[in-house]
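Enquirer: Listed in order, the protein sequences are those of chains A and B.
Offset between the first sequence (1-based) and our numbering: plus 11.
Offset between the second sequence (1-based) and our numbering: plus 1.
Got a structure here, written out as structure tokens. Questions coming.
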Amino acid sequence: MNSTRAWMVIAAAFLVALVLPHFLPPGLSELATRLSTLILVAVSWNMMANAGLISLGHSGFWGLGAYTAALLANAVHMPFWLTIVPAMILGGGFGVLLAYITGRLRGLFFAISTLAMAEALRVIALMVPKLTGGAEGLFVFDEIRPGRETMTSFALCLAVATVAISYFLSKSRFQYALRAMRDSESAVQMLGVNPARFRMGVTALSGAIASCAGVISAWYTGYLDPGAAFDMKITISAQIAPLFGGLYTVSGPVIGAAAIMTLSELTRIYFGYSAGVGLLVYGVILVFGVLFMPSGVVGLYGRWRNRSKRRGALAEGRP
Amino acid sequence: MVGLLLQILADALLLGGVYTLMAIGLSLAFGVTRIINFAHGDVVMYGAYGAFFAFAGLNIDPLLSLPMVAILGGIGGYLLFKMTLDRILNDISINQVLLTFGLGLVLQNVAVILWTGDERSTTPSYAFDSWLFSDDIVIAKGRVIAFVIAVLFVIMLLAWLRWSELGRATRAVSQNQAAASLMGINVRAMYGLSFALSSAFGAATGAIMSFLLPITPFMGFPIMVKAFAIIILGGMDSVIGTVLGAFFLAIAETAIAYLVPQGIGWAEGVAFFLMVLMLIARPAGILGTAGRDA
Numbered sequence: 012m013n014s015t016r017a018w019m020v021i022a023a024a025f026l027v028a029l030v031l032p033h034f035l036p037p038g039l040s041e042l043a044t045r046l047s048t049l050i051l052v053a054v055s056w057n058m059m060a061n062a063g064l065i066s067l068g069h070s071g072f073w074g075l076g077a078y079t080a081a082l083l084a085n086a087v088h089m090p091f092w093l094t095i096v097p098a099m100i101l102g103g104g105f106g107v108l109l110a111y112i113t114g115r116l117r118g119l120f121f122a123i124s125t126l127a128m129a130e131a132l133r134v135i136a137l138m139v140p141k142l143t144g145g146a147e148g149l150f151v152f153d154e155i156r157p158g159r160e161t162m163t164s165f166a167l168c169l170a171v172a173t174v175a176i177s178y179f180l181s182k183s184r185f186q187y188a189l190r191a192m193r194d195s196e197s198a199v200q201m202l203g204v205n206p207a208r209f210r211m212g213v214t215a216l217s218g219a220i221a222s223c224a225g226v227i228s229a230w231y232t233g234y235l236d237p238g239a240a241f242d243m244k245i246t247i248s249a250q251i252a253p254l255f256g257g258l259y260t261v262s263g264p265v266i267g268a269a270a271i272m273t274l275s276e277l278t279r280i281y282f283g284y285s286a287g288v289g290l291l292v293y294g295v296i297l298v299f300g301v302l303f304m305p306s307g308v309v310g311l312y313g314r315w316r317n318r319s320k321r322r323g324a325l326a327e328g329r330p
Numbered sequence: 002m003v004g005l006l007l008q009i010l011a012d013a014l015l016l017g018g019v020y021t022l023m024a025i026g027l028s029l030a031f032g033v034t035r036i037i038n039f040a041h042g043d044v045v046m047y048g049a050y051g052a053f054f055a056f057a058g059l060n061i062d063p064l065l066s067l068p069m070v071a072i073l074g075g076i077g078g079y080l081l082f083k084m085t086l087d088r089i090l091n092d093i094s095i096n097q098v099l100l101t102f103g104l105g106l107v108l109q110n111v112a113v114i115l116w117t118g119d120e121r122s123t124t125p126s127y128a129f130d131s132w133l134f135s136d137d138i139v140i141a142k143g144r145v146i147a148f149v150i151a152v153l154f155v156i157m158l159l160a161w162l163r164w165s166e167l168g169r170a171t172r173a174v175s176q177n178q179a180a181a182s183l184m185g186i187n188v189r190a191m192y193g194l195s196f197a198l199s200s201a202f203g204a205a206t207g208a209i210m211s212f213l214l215p216i217t218p219f220m221g222f223p224i225m226v227k228a229f230a231i232i233i234l235g236g237m238d239s240v241i242g243t244v245l246g247a248f249f250l251a252i253a254e255t256a257i258a259y260l261v262p263q264g265i266g267w268a269e270g271v272a273f274f275l276m277v278l279m280l281i282a283r284p285a286g287i288l289g290t291a292g293r294d295a
């Protein structure tokens, strides 16, 4: 895909994102919004994974964004579209902080630190009820909440923008440095790339994007509490979607997000709200994904296409 | 005031015992395999259910069912290792993290489906008993038992690592895999063994937790997070370091719970703040060596 075509696809996607919500029934509109937030966190998670940084704390960014939006809405009646700016700054700043703290560490330590960060934020949100409403939660000032269509459009536009960013990132030099970092940071360092700077860049971007998802959910639902805003389930779906779709690819997280969304709706239809089934399915996907299809649906498709191409070549008698 | 200080000290010591139990299995498995088992908390949870069903169904005291629970836990851990982790030992660590995380999810939610989210607990007589010293210092019997068992476990583990043939091999693998392999040690078998032992410790810990904490399918997660904090504080690959980390965390948490207003809520967050501080100051932990290349 050359860059003019890419821009055209992106423009078309934005158009759909703006127009489509006005024709969707409420149920589908909610699904579209949730799918957008899932795409945001999945793409953001995949960006970190791309650089060999595995996050178990994406719920932390989400919650940070959600609380920023809700608090600013209530305190100064900031309009919804503007709240993403402070939320992204805070999310990005937190990403940088995380990269700084874990500066000399990799792999496991990073994963554990992100987990700890998300839990620490949850404890803080719980323990300062004057600001956050504590365990009782917090309502977003209702009079400035936008309508459903506007919110869905907003969410879809952000999702499109995120995918576009990840696409252009995958075409840039940045991508090569990140991919090399995934394999060996010390080797990258020897080649004259400063891994610390790239690491901070990617955590900042990833954190900012994930906190946007929190902003959307806060405005859309109009209510948040520490348990929901820092829910471990957010992190889990953020990592399952790229794994299922295809790690380190642009389309993987999006395909994965759609698949996970469909799957969780289906399990809900078949099993009702019976506890545990949905998460059990997620767990099984994680285990089987890692063991049997580490390159996800995108990888399977690529292999299938290669094979059929080869078969076609054989049939035509070409080597 | 002296009474309060003594109470804090006593509580911290006993909590340290509980924390040692939670973290020791995790640190053993990490020391050998360099894989963090994100399902460790759920192994503890299964141990607790095992002890509960032995108590509720067969009226066996959790302390008596503990050896059986530990053996079953060890076998379960070994099978889990063979079926899953063993296949991806050479993958990048992201995959191992995702895999054990997924295993934890599966274990947890199978428990939710089988036993619902209801709180259960074993109720041996000592669970509610406590000793009263000089009128204002309370010491819970259950925690004393946990402390004693933690001490026993640590001694057993250290002795095994030091004097037994397999223990020495385990230490060798932990120190230098390639060299150990050249000395004729079957590294993969050692991995399996350390995972089995780690799970056995985890399940035994669950049997103890069955009379200290409410048993639910969700009890594993906070236990796992605490255990992470402890091994990061103490050093991921050192048994003594783990013990130090456990007591360090216990002292900090207890002091904050008693001395800070609303301290019980804040104490929940202490582990994370200490962990971050330690990662900045000395990533390898108090006694660990696994800082840079893990």
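C-beta: ideal position from N, C-alpha, C; glycine also.
(1) So which residues on chain B does Glu130 of chain A lean against when the C-beta distance must stay under 7 angstroms?
(2) Alpha carbon to alpha carbon, how far is Ala22 of chain A from Ala28 of chain A?
(3) By DSSP, does Ser131 of chain B sit in helix, in strand, or in coil?
(4) Roughly how many whole angstroms lie between the Cα atoms of Ser70 of chain A and Ser40 of chain A?
(5) On the DSSP bridge assignment, give the partners of Tyr234 of chain A in chain order.
(6) Under 8 angstroms, with one C-beta from each stretch per pair, do the region 182 to 202 of chain A and the region 220 to 232 of chain A reach the 3-pair mark?
(7) Mind checking if Arg279 of chain A is an interface residue toward chain B, Cβ cutoff 9 angstroms exclusive?
(8) Spatial neighbours of Met225 of chain B within its chain, please: C-beta separation below 6 angstroms, excluding the five flanking residues on both sides.
(9) So for Ala55 of chain B, helix, strand or coil by DSSP?
(10) Could you check whether the Cβ of Leu29 of chain A sits closer than 9 angstroms to any Cβ belonging to chain B?
(11) For Tyr281 of chain A, count the other beta carbons within 10 Å of its own beta carbon; 16 or more makes it buried, fewer makes it exposed. Which is it?
(12) Using the Cα positions of Ala190 of chain B and Ser222 of chain A, report the straight-line distance between them to the nearest angstrom.
(13) Within 9 angstroms of any Cβ in chain A, is that where the Cβ of Ala295 of chain B sits?
(14) Could you check where the alpha helix (DSSP H) with Ile100 of chain A kicks off and where it finishes?
(15) By the three-class DSSP mapping on this structure, what secondary structure does Val139 of chain B have?
(16) Look at the alpha carbon of Arg190 of chain A and the alpha carbon of Glu196 of chain A, and state the distance between them as a whole number of angstroms.
(17) What does the Cβ neighbour count give for Gly38 of chain A, buried or exposed, with the cut at 16 atoms within 10 Å?
(18) DSSP has Ile216 of chain B in a bridge; who is on the other side?
(19) Please report whether the beta-carbon of Arg156 of chain A lies at a distance below 9 angstroms from any beta-carbon of chain B.
(20) Tell whether a beta-carbon distance below 9 angstroms holds between Thr117 of chain B and Ala57 of chain B.
(21) Threshold first: 4 residues or longer. Then list the alpha helix (DSSP H) segments lying entirely within the region 228 to 277 of chain B, N to C.
(22) On the criterion of 16 or more Cβ atoms from any shown chain inside 10 Å, does Phe303 of chain A qualify as buried, or is it exposed?
(23) Identify the contact partners of Thr113 of chain A in chain B, using a Cβ-Cβ distance below 7 angstroms as the criterion.
(24) Please specify which runs of the alpha helix (DSSP H), each continuous and at least 4 residues long, are wholly inside the region 264 to 330 of chain A, giving them in chain order.
(25) How is Leu73 of chain B classed by DSSP in three states: helix, strand or coil?
(26) By the 7 angstroms beta-carbon criterion, what residues does the region 160 to 187 of chain B contribute toward chain A?
(27) In the structure shown, what three-state DSSP assignment does Gly286 of chain B receive?
(28) Between which two residues does the alpha helix (DSSP H) holding Asn6 of chain A run?
(29) Pull out every residue of the region 79 to 92 of chain B whose Cβ sits closer than 7 angstroms to any Cβ of chain A, in chain order.
(30) Assign His69 of chain A to one of three DSSP states: helix, strand, or coil.
(31) Please name the residue in A:Val171, A:Ala110, A:Ser164 and A:Tyr78 whose C-alpha comes closest to that of Trp18 of chain A.
(32) Give the DSSP-derived three-state secondary structure of Leu64 of chain A in the structure shown.
(33) Give a yes or no on whether the C-beta atoms belonging to Met162 of chain A and Phe241 of chain A are separated by under 9 angstroms.
(34) What are the boundary residues of the alpha helix (DSSP H) that Arg88 of chain B is part of?
(35) Using a threshold of 9 angstroms, state whether the C-beta atoms of Ala170 of chain B and Ala181 of chain B are closer than that.
Expert: The short version:
(1) Within 7 angstroms Cβ-Cβ: Val226 and Phe273.
(2) 10 angstroms
(3) strand
(4) 23 angstroms
(5) A:Phe150
(6) With the cut-off at 8 angstroms, the region 182 to 202 of chain A and the region 220 to 232 of chain A do not touch.
(7) no
(8) His41 and Gly42
(9) Correct three-state label for Ala55 of chain B: helix.
(10) no
(11) exposed
(12) C-alpha separation (whole angstroms): 44 angstroms.
(13) Any reading at Ala295 of chain B must be qualified, since the residue scores a pLDDT of 41, below 50, and its modelled position is unreliable; the value itself is stated next. The beta carbon of Ala295 of chain B falls within 9 angstroms of a beta carbon belonging to chain A, placing the residue at that interface.
(14) Phe91 to Ile112
(15) strand
(16) 10 angstroms
(17) exposed
(18) Ile216 of chain B is bridged to B:Arg121.
(19) So no, Arg156 of chain A is outside the interface.
(20) Result no, Cβ atoms of Thr117 of chain B and Ala57 of chain B do not sit closer than 9 angstroms.
(21) 240 to 260
(22) exposed
(23) Leu280
(24) 288 to 303 and 307 to 326
(25) helix
(26) none
(27) Gly286 of chain B: coil per DSSP, three-state reduction.
(28) Any question about residue 6 of chain A goes unanswered here, given that chain A covers just 12 to 330.
(29) Thr85, Arg88 and Ile89
(30) helix
(31) Nearest to Trp18 of chain A by alpha-carbon distance, out of A:Val171, A:Ala110, A:Ser164 and A:Tyr78, is A:Val171.
(32) Residue state, collapsed to three classes: coil.
(33) no
(34) Unbroken run through Arg88 of chain B: none, as it is neither H nor E.
(35) yes
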